[in-house]
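Worksheet for the structure shown next.
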């Protein structure tokens, strides 16, 4: 009976130790925050396939604003993260636009009447690059709730550094409370 009990314990131990999913490397996209729509203060994307999740304190904390100024609306969504020695920032914005709606917008150049995407390296001191009309991206507003000050959505865009190298921002998502 002791031998049967020992065999049962050993086989149970082997079957549970061989099926441990915690040891499996997670895909980068699976490390991003969930695409929620309830003002969870989340932001994340992949930068050239690498996970970008902002710091949740200080200047890195994701923030958003939506304001009516001089007869038009301005939108800003921004997040930063200190990666090693470098400060990385990703932002989305709109200058002097019609009221935001739950729809898809094209990210063009940083100009009046446009939505745009921005990537900053070194706080903009090393590299400050935005989407252009020649290399547009998209932002899809999936929830815009002006009563509760919530804006949520997804985004993707490509920018180019000073040497013409592509920086691909993909699988972006945000779920923010905004100020006005």
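Numbering (mature numbering (1 follows the signal peptide of the UniProt record, and there is no 0)), first residue to last: -20 to -1, 1 to 160. Positions of the beta carbon are idealized from the N, C-alpha and C atoms, including for glycine.
- Look at the stretch 19 to 65 and you find these whole runs of beta strand (DSSP E), each 3 residues long or longer: 22 to 27, 30 to 32, 43 to 49 and 52 to 63.
- Residue 74 counts as buried, since no fewer than 16 other beta carbons sit within 10 angstroms of its beta carbon.
- Rounded to the nearest angstrom, the gap between the Cα atoms of residue 62 and residue 42 is 13 Å.
- Per DSSP, residue 148 is one residue of the beta strand (DSSP E) stretching across 146 to 157.
- Residue 84 sits in a strand when the DSSP states are folded into three classes.
- Taken through DSSP and simplified to helix, strand or coil, residue 102 comes out as helix.
- Per DSSP, the continuous beta strand (DSSP E) segment holding residue 118 begins and ends at 117 to 125.
- One alpha carbon belongs to residue 106, the other to residue 32, and they sit about 18 Å apart.
- Residue 141: not part of any beta strand (DSSP E); DSSP gives it neither H nor E.
- If you ignore the 5 residues before and after residue 135, its C-beta comes within less than 8 Å of the C-beta of 25, 72, 87, 97, 117, 118, 119, 120, 149, 152, 153 and 154, all in its own chain and listed in chain order.
- Counted as a single uninterrupted DSSP element, the beta strand (DSSP E) harbouring residue 108 occupies residues 107 to 110.
- A residue is called buried when at least 16 other Cβ atoms come within 10 angstroms of its Cβ; residue 49 does not meet this threshold and is exposed.
- Note on residue 110: 16 or more other CB atoms within 10 angstroms of its CB, so buried under the neighbour-count rule.
- If the five residues before and after residue 160 are omitted, its C-beta is found closer than 6 Å to the C-beta atoms of 46 and 47, all from its own chain and listed in chain order.
- Between residue 78 and residue 124, the gap from beta carbon to beta carbon reaches 8 Å or more.
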